[in-house]
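Peer 1:
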Amino acid sequence: MTDPTLPNLSRLRGFIGDLTRLVERRDANSWPG
Numbered sequence: 015m016t017d018p019t020l021p022n023l024s025r026l027r028g029f030i031g032d033l034t035r036l037v038e039r040r041d042a043n044s045w046p047g
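Each number in the working numbering comes from the position in the sequence shown (counting from 1) with 14 added on.
#1: If we ignore side chains and look at the alpha-carbon of each, how far apart do residue 39 and residue 32 end up?
#2: With DSSP as the reference, label residue 18 as helix, strand or coil.
#3: Cα separation between residue 44 and residue 25?
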């Protein structure tokens, strides 16, 4: 018996990781210099 939330969790974690990278890149680009 497998937990149906596991695939969704991994997908959610990947989505959050992409979002975090996007925000970090935007913040880095917003810094002067």
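All residues carry an ideal CB built from backbone N, CA and C; glycine is no exception.
Peer 2: On the basis of the coordinates in this document:
#1: Counting from one through the sequence shown, the residue named residue 39 turns up at place 25. Counting from one through the sequence shown, the residue named residue 32 turns up at place 18. Cα to Cα, the separation comes out at about 11 Å.
#2: Here residue 18 refers to the residue found at position 4 of the sequence shown. Coil, per DSSP.
#3: Numbered from 1 along the sequence shown, position 30 holds the residue referred to as residue 44. Numbered from 1 along the sequence shown, position 11 holds the residue referred to as residue 25. Answer to the nearest angstrom: the Cα atoms are 29 Å apart.
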